[in-house]
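Chemist: The structure's right below; bear with me while I get my questions together.
Right under this line is the structure:
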C-alpha cells in the first residue's frame, strides 16, 4: 500500500509539457495566485492561457499582465522545470496542480490557493480530514506536552495533523500526529528540498517516511522570513479547524488562526494561566470567538462527522440511573418552580432548595431560566 | 458620614408592628418567597394580607395556604420578633423589607427576592454598583491572589465586591474589596448574628466595620448546608455581574454563575491550566458563554458606565519582578512535581529541592498538595 501511494500520486511528472505550462504560469511575472486562478477559471488550463492572444487575455487581466503572459518562459523557469522533473523521478515525490486530481479539495476553495503543491511522502493523507495545530516556537514544556497529547488523540480519532514544522508547538504536534494512525502533514515555508529549521531535520525525514511534507514554493526556495506567514494560509486551508496551543499576543499563530476564521474554519484555543504570556494569545482568540477546549473531545464535538470518545469529557451529566423518588417523582417532566414543588412535596422552601441542589449536582435535574427546574433524563 | 449611615438605615426598627407583620408573612408555613411576593403585589403590604379574609386570600393562593395565613403567628415567630427588635437597637444594625426604601433595587427584580434583609455595617454600599466574585473554598494560592487582585482593582474602579464569606476565593475577594474604596458586602448563609466559618470571624468583624454583612435568614439561623446555595441567588442578585475565579466542575460557584446568567447578569470566568481541576469549572462556564477575563479591565469593559483603566492589566507581572531564569523558566505556569523539574532542568533532586526552597522563600513559587510546585506571579 505504501509503495502504491508513493508512486500513484505525482500526476504531473508523467507529462513534462503540462508541468512546463503550469510552472510558466506560476512563475509568470506580475501574475499572483488569485489572477492565475481567475485565468484558469476562464481558459480552463495553463496551455489554453498561453494559446490565447493579447485581446483575449486583456479582457481579463491588465495590459502589463497580458504582455507578460505572451513572453516565452524565462531561463530560470526552464532550469526550474528541469530540476523539478529530475526531483519528480524519485519515489514519493509529486506535484499537484490546482483543479487536477489529488489537489486537496478544502484548500482549492480558499481565496488564493497555490497553483502547484510539491509533496513528498504519503499523498493519501490529503484525502482525509485534517486538523491544524499551531503555536509558539518558544513554547513551554507543558505546552509542547499538550500539543503532542492533543495531536495524538486527534490522529487517533481520524484527523491528520497539519502544522508548519517550526520548533516548539509545531514539532510537538507533528510528533503527536505521527503517534496516531492518521499521521501528519508538514507545510513548509521553503522549497520542499530545503531542510529548515535544521534542528527539525530528523523530524522532517520521519514525516517524509510516515507522513507528508508539502510546499507551494519552487524547489530550492531558501528560508525567507516573509514566506512563513504566507505559508500559514495553507496550514489553515488544508484543515477543517485550527487549534492554537500556546501563543503570545503578537504572533504568527494568531495570524494562522485569523486566516482559519476567514476561511470559515473552526478555531480552537487551549487556555492557561492569566500570568503566562504564552496563554495571552489563546485568551485573546477565545475572547474573539474561538472555542475554548480543554480536551481533544472538545475539538471532536465541534467537527461534523466526529464523535467525542467520552473518555476525557468534562461536561457530561452523570447518568440518572436511580429511580425517580421523592422530589423527582413529584416534579413530573415539565418545568416547575420552587413554590410548586413546596406545595406538591409538602416541604419547606429550604428543604426543596437543598434537594434541588443535590439533584442538580447529580445531573438529574437542570435549572432553566426564570427560576424553573426540570428533570433531566438520559436517552 | 459613617455614623449617619449607621443610624439612618434600619427603617423597620422604628415600627415594631410593621416588622411583626413582615416577620409573620416571611415565617408563614407553606408560603415561599414567590407566593409572598405575589400576595404583596395584590394586597400592598403584610398588614393588608393579614387583614384579608379566607375568600380574598383563596382567590390568589390555595386553600391550605389561605388557612395558614389566617393562623395567628407562632410562638417562635413572636420570640423572633422580640430578639430582632433587641438586635436592631444596636448601631449599624438594620432590617430592609422588599419594596421599602433601602432595599437594593437590582435584588428586588430577581424572581424570588427575600422579603427581609438583615444588614450590619455601611448600608450605603447597597446604593452603588456591585460585582460578585466567587470561587472554590479549596482554592490554590494563585487563585486566592487573583481573587484579591481583581477585587482590589474593581473596588478601585467603583464596584463594591459581593461574596459569600466562605474560605478560599470568597475571603480573598472580600479582602481585595476592603483594600479599595468601594469596599465589600458579605452575604451570609446563616443568621447575621452567627459567625461562620469561625476561621473568618476576624474578617467578618472587619467587614462589619468597613463593609456590610447581609443575610436573609432570621437571627440565630445556624450554618445548615442547604442554606448556602440558596443564599447564592442573593450574591448574584445584588451584583451587575459575577466573576468566577476558580471552581471545580460540580461546585456551588457554578450554580451562582448560572443564577447570575438567569438573572440577566454578566458572567465572567478566569481561565487556567487545563490540567487544574480548579479551572475546569471556569472553562465549562466559558464554553457556555461566560466571558473569559484575564484582567480587571476585561471586566470593566463589559459593564456599562465603567471604563477600563488602561493601566498595566491585573495579569501583568510587576515591573519589579525578575525574569524567570533557571528552574523558574522550565517550571512554566502549571503545577509540576520535582521529578519533572529534575528532568527538565537536568539537575539532581537535591539541587532542585534547594532551588525550590529559595524560590518559595522569595514568594516566587508555591507548594501545592500532592508534592506539586507552581510559579506564583504577583499581580
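Protein chains in written order, with this note's numbering: chain G, 182 to 560; chain U, 182 to 560. C-beta: ideal position from N, C-alpha, C; glycine also.
1. Compile a chain-ordered list of the residues in the segment 532-548 of chain G whose CB is closer than 9 Å to at least one CB of chain U.
2. Would residue 312 of chain G pass as an interface residue toward chain U - the criterion being a Cβ-Cβ separation below 9 Å?
3. Does residue 243 of chain U come within less than 9 Å of chain G when only Cβ atoms are used?
4. Excluding the five sequence neighbours on either side, which residues of its own chain have a C-beta within less than 6 Å of the C-beta of residue 347 of chain G, listed in chain order?
5. In the DSSP assignment, what residue or residues form a beta bridge with residue 449 of chain U?
6. Does the Cβ of residue 351 of chain U have 16 or more other Cβ atoms within 10 Å, making it buried, or fewer, making it exposed?
7. What's the gap between the Cα of residue 646 of chain G and the Cα of residue 472 of chain G?
8. For residue 158 of chain U, which residues in the same chain have their Cβ closer than 8 Å to its Cβ, ignoring the five residues on either side in sequence?
9. Which value, in whole angstroms, describes the spacing of the CA atoms of residue 438 of chain G and residue 284 of chain U?
10. Is the closest heavy atom of the ligand COA to the C-beta of residue 220 of chain U under 8 Å?
11. Which residues in chain G have a C-beta closer than 8 Å to the C-beta of residue 473 of chain U? List them in chain order.
12. Between residue 552 of chain G and chain U, is the shortest Cβ-Cβ distance under 9 Å, so that the two count as touching?
13. Can you confirm whether residue 216 of chain U, when its beta carbon is compared against all beta carbons of chain G, has any partner nearer than 9 Å?
14. Taking 9 Å as the CB-CB cut-off, is residue 456 of chain G touching chain U?
15. Along chain U, in chain order, which residues have C-beta atoms closer than 9 Å to that of residue 137 of chain G?
16. Does DSSP classify residue 213 of chain G as helix, strand or coil?
17. Quick check on the DSSP output: the alpha helix (DSSP H) that includes residue 545 of chain U runs from which residue to which?
18. Kindly identify the DSSP beta-bridge partner or partners of residue 301 of chain G.
19. State yes or no: is the C-beta of residue 433 of chain U within less than 9 Å of the C-beta of residue 408 of chain U?
20. When you compare each of U:478, U:368, U:465 to residue 479 of chain G by their alpha carbons, which one comes out closest?
21. Sort G:397, G:425, G:431, G:370 by Cα distance to residue 405 of chain G and report the nearest one.
22. Got a sec? Which residues, its chain only, sit under 7 Å from residue 252 of chain U by beta carbon, not counting five neighbours each side?
23. When burial is assigned at 16 or more other CB atoms within 10 Å of the CB, is residue 520 of chain U buried or exposed?
24. Name the residue from G:537, G:533, G:556 whose alpha carbon lies nearest to the alpha carbon of residue 212 of chain U.
25. Shorter than 9 Å from the beta carbon of residue 196 of chain G to some beta carbon of chain U?
26. Contact defined as beta carbons within less than 8 Å: I believe residue 296 of chain G pairs with residue 206 of chain G. What is the distance between those atoms, to the nearest angstrom?
27. Buried or exposed for residue 538 of chain U, going by 16 or more other Cβ atoms inside 10 Å?
28. In angstroms, rounded to a whole number, what distance separates the CA positions of residue 237 of chain G and residue 217 of chain G?
29. Could you tell me whether the Cβ of residue 246 of chain U comes closer than 9 Å to any Cβ of chain G?
30. Alpha carbon to alpha carbon, how far is residue 306 of chain U from residue 282 of chain U? Give it in angstroms, no decimals.
31. Under a Cβ-count criterion, where at least 16 other Cβ atoms within 10 Å of its own Cβ denotes burial, should residue 255 of chain G be classed as buried or exposed?
32. Tell me the DSSP secondary structure of residue 313 of chain U in three-state form.
33. Buried or exposed: which applies to residue 562 of chain G, given that a residue is buried once 16 or more other Cβ atoms fall within 10 Å of its Cβ?
34. Hey, which unbroken runs of the beta strand (DSSP E) at 3 residues or more fall wholly within the segment 314-390 of chain U?
35. Which residue or residues does DSSP assign as beta-bridge partners of residue 554 of chain G?
36. Report the option in G:234, G:337, G:203 whose CA atom is closest to the CA atom of residue 279 of chain G.
Modeler: If we stick to the structure as given:
1. 532, 533, 534, 535, 536, 537, 538, 539, 541, 542, 543, 544, 548
2. no
3. yes
4. 318
5. U:424, U:472
6. buried
7. Lying before the first or after the last residue shown, residue 646 of chain G is absent from chain G, which here runs from 182 to 560.
8. An answer regarding residue 158 of chain U cannot be provided, because it is not within the stretch 182 to 560 covered by chain U.
9. 49 Å
10. The ligand COA is not part of this structure, which contains no ligands at all.
11. 452, 464, 467, 468, 473
12. yes
13. yes
14. yes
15. An answer regarding residue 137 of chain G cannot be provided, because it is not within the stretch 182 to 560 covered by chain G.
16. coil
17. Run containing residue 545 of chain U: none; DSSP gives neither H nor E here.
18. G:274, G:394
19. no
20. U:465
21. G:370
22. none
23. exposed
24. G:533
25. no
26. 6 Å
27. exposed
28. 15 Å
29. yes
30. 14 Å
31. exposed
32. strand
33. In this structure chain G extends from 182 to 560, so residue 562 of chain G is not present and cannot be described.
34. 341-344, 365-368
35. G:517, G:548
36. G:203
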